[in-house]
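Numbering (our numbering), first residue to last: 1094 to 1469. Ideal Cβ positions, reconstructed from N, Cα and C, are used throughout, including at glycine.
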Amino acid sequence: MEENNDGDELSLTSISANNSTENLNDQCVQKIDEMCESEITGIQRLGEKRPRNDSPPDSPQIDDDGFTTVVRRSPKRLARSFSNNPSSPILGESNDYFEVCITSKNILPKQIALAKLLRSENFDNILRIKFKSPYRVLIQLRSKREAERLMSCTKLENLGYRCQMTNELNLSYGLLRDFDLDADLKELTETLKCEYEIVSLKRLKRLDTVDGWTECESVRICFRSTTLPPFVKGYGCRFKVEPYIFPVTQCAGCWKYGHYVRVCPTKKIICPKCAGEHNNCEAKVFSCVNCKGNHMAMNKKCPIFMKERQIRETMSKNNCTYRKALNDYLSKTEKEKELEQIPIVDHAISRATNNSEREKSYRDVVVGQVIVHENS
1094 MEENNDGDEL SLTSISANNS TENLNDQCVQ KIDEMCESEI TGIQRLGEKR
1144 PRNDSPPDSP QIDDDGFTTV VRRSPKRLAR SFSNNPSSPI LGESNDYFEV
1194 CITSKNILPK QIALAKLLRS ENFDNILRIK FKSPYRVLIQ LRSKREAERL
1244 MSCTKLENLG YRCQMTNELN LSYGLLRDFD LDADLKELTE TLKCEYEIVS
1294 LKRLKRLDTV DGWTECESVR ICFRSTTLPP FVKGYGCRFK VEPYIFPVTQ
1344 CAGCWKYGHY VRVCPTKKII CPKCAGEHNN CEAKVFSCVN CKGNHMAMNK
1394 KCPIFMKERQ IRETMSKNNC TYRKALNDYL SKTEKEKELE QIPIVDHAIS
1444 RATNNSEREK SYRDVVVGQV IVHENS
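Right under this line is the structure:
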């Protein structure tokens, strides 16, 4: 009986040992499975895309770690006006207005006084009054009829104001040469006749090194027409009318082109030699304020001066505004730059290479044989 009991105890201990090893194996397998699952989920998290947040963009976002991400508002975009584009309208997006330019030799009245003056002449459809200088103002009207009535206003003419449409030219200018210095311009205005109305005559001046500005024998004549007549009649004779080219104006203060010193928009004093912000100095090394070249600001070979000169020649030739002439000049220069980039083929070199690569002809063979016999 004791032997049987000992056998039973051994069998129980062996069974318990087997059960413990099986439990350990199951636990190890379970741990390994858990580790594999954690690695797989980690890899999936790395490959997954960030979930889309439906909350508004300005609201703070809370991460899993407890950090709050603050999203700032995107910067505002400012509405910019394309002032460099000459075809862009001045008011709003529509171009439903007519602009009249008023100029005077004297200082024009300010906005309130000018508005009262226009109100006294029953001008109601005025959209905007824009002062370009104390001597020049732009008035925008709603209808063309009001613009034409403003240009023909007698009160403005009596005040010495000159009115003209900015987008079109209804006047043309010519040049009369060899007119006597003692000739009366008022008498000439009444005497000279033409197919177009003669608006005014003005005697030109030239710069003398001794006496300064003196009157010359050339007279500028203005016609109320878009075309220039070839001649005018007076005293039973015909006088030739040449195209008049407006001179390039240059400021004696800032030395920029397009205005005089009395209407300078910057009111700065620039040195014409070194381009510094002071009066004329004794500098020996010159620097142009316009093109940054090594010459003085009033040099006639300055590329900016030559550009302005070409623009005024186009204005005289086509009887157009400065803006249109400037656009023509820019388009012309762009075409010239494109042509400069095209490679130039030397036809003489190509012909020489073709002749050298050409095979020998019957004449070449015969002449070669004759030369060989003569040498032998």
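request  = Using three-state DSSP, classify V1312 as helix, strand or coil.
outcome  = For V1312, the three-state secondary structure derived from DSSP is strand.
inquiry  = Tell me the residue span of the alpha helix (DSSP H) that contains M1399.
reply    = Per DSSP, M1399 belongs to the alpha helix (DSSP H) from P1396 to N1411.
request  = Quick one: grab the DSSP three-state call for S1293.
outcome  = In this structure, DSSP gives S1293 an extended state, which the three-state scheme calls strand.
inquiry  = What would DSSP say about T1307, mapped onto helix, strand or coil?
reply    = Strand at T1307.
message = Check this for me: beta carbons of Y1254 and S1197, under 9 Å apart or not?
response = Yes, they are a contact pair.
ask   = alpha helix (DSSP H) containing Q1434: first to last residue?
value = For Q1434, the enclosing alpha helix (DSSP H) has its first and last residue at Y1415 to Q1434.
ask   = Apart from the five residues just before and just after R1235, which ones in its own chain have a Cβ nearer than 7 Å to its Cβ?
value = Same-chain partners within the cutoff: Y1190, N1218 and L1220.
query = How is Y1190 classed by DSSP in three states: helix, strand or coil?
reply = Here DSSP, grouped into helix, strand and coil, assigns Y1190 to coil.
ask   = Going by the CB atoms, is the gap between E1280 and S1318 shorter than 9 Å?
value = Cβ distance not < 9 Å, so S1318 and E1280 don't count as in contact.
ask   = So what's E1335 in DSSP terms, helix, strand or just coil?
value = DSSP places E1335 in strand when its eight states are reduced to three.
query = In angstroms, rounded to a whole number, what distance separates the CA positions of C1367 and F1379?
reply = So the two alpha carbons sit approximately 5 Å from each other.
Chain-order list of residues whose beta-carbon lies under 8 Å from that of V1341 (same chain, five-residue window excluded) = If we look at V1341 and ignore the five residues flanking it on each side, its Cβ neighbours are Y1350, F1398, E1401, R1402 and R1405.
ask   = According to the neighbour-count rule (16 or more other Cβ atoms, all chains shown, within 10 Å of its Cβ), is A1276 buried or exposed?
value = With fewer than 16 other Cβ atoms within 10 Å, it is exposed.
task = Measure from the alpha carbon of A1240 to the alpha carbon of each residue in T1284, H1371, R1296 and F1216, then state which is nearest.
result = Nearest C-alpha to A1240: F1216.
task = List the residues that DSSP assigns as beta-bridge partners of Q1343.
result = Under DSSP, Q1343 shares a beta bridge with Y1350.
Beta-carbon gap between C1495 and P1396 smaller than 9 Å = With the chain covering only 1094 through 1469, there is no way to say anything about residue 1495.
key: Buried versus exposed, by CB contacts within 10 Å (16 or more), Q1343   = Buried, by the Cβ-count rule.
request  = Name the residue from T1426, F1272, T1282 and L1321 whose alpha carbon lies nearest to the alpha carbon of E1308.
outcome  = The residue with the shortest Cα to Cα distance from E1308 is F1272.
inquiry  = With distance defined between alpha-carbon atoms, name the residue in R1212, F1339 and L1285 nearest to C1330.
reply    = With respect to the C-alpha of C1330, the residue from R1212, F1339 and L1285 having the closest C-alpha is L1285.
task = Would you kindly report the start and end of the unbroken beta strand (DSSP E) that includes R1255?
result = Segment R1255 to M1258, the beta strand (DSSP E) holding R1255.
inquiry  = Determine whether the beta carbon atoms of V1312 and L1300 lie at a separation below 9 Å.
reply    = At the C-beta level, V1312 and L1300 stay beyond 9 Å of one another.
key: Own chain, CB closer than 7 Å to L1210, minus 5 neighbours either side, in chain order   = Apart from sequence neighbours up to five positions away, the residues of its chain that approach L1210 with a beta-carbon distance below 7 Å are P1202, ordered along the chain.
inquiry  = Taking its Cβ as the centre, do 16 or more other Cβ atoms sit within 10 Å of S1213, making it buried, or is it exposed?
reply    = Exposed, because fewer than 16 other Cβ atoms sit within 10 Å of the Cβ of S1213.
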